[in-house]
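Visitor: Residue 23 in UniProt numbering is what sits at position 23 of the sequence shown, and the numbering runs on without skipping anything.
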Amino acid sequence: MISLEDASLTKKGIVKLSSATDSDSEALAATPKAVHAVM
Numbered sequence: 001m002i003s004l005e006d007a008s009l010t011k012k013g014i015v016k017l018s019s020a021t022d023s024d025s026e027a028l029a030a031t032p033k034a035v036h037a038v039m
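1) Does DSSP put Ala7 in a helix, a strand or coil?
2) To the nearest whole angstrom, what separates the beta carbons of Ala29 and Lys11, a pair I think is in contact under 8 Å?
3) Whole-angstrom Cβ separation of Thr21 and Ala7, contact assumed at under 8 Å?
4) Can you give, in chain order, each stretch of the alpha helix (DSSP H) that sits fully within the UniProt region "Disordered" (20-39) and has at least 4 residues?
5) Below 8 Å on the Cβ atoms is my contact criterion, and I expect Gly13 with Glu5 to pass it. Report the Cβ-Cβ distance as a whole number of Å.
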């Protein structure tokens, strides 16, 4: 089994996506839907 770590600003890894427009999490990446909604 392959073990994958979470991504960070300095290393590759698994990225968690979110379409939320009211989140202040620094552990989630915005989807295009979320970015479009706030622009």
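Think of the CB as a built atom: it goes at the ideal place given N, C-alpha and C, for glycine as much as any other residue. Computed from a prediction, not measured in an experiment: that's the story for all the values here.
Guide: By the coordinates alone:
1) coil
2) Incorrect: roughly 14 Å between the Cβ atoms, too far for contact.
3) About 22 Å separates the Cβ atoms of Thr21 and Ala7, ruling out a contact at the 8 Å cut-off.
4) 32-38
5) 4 Å
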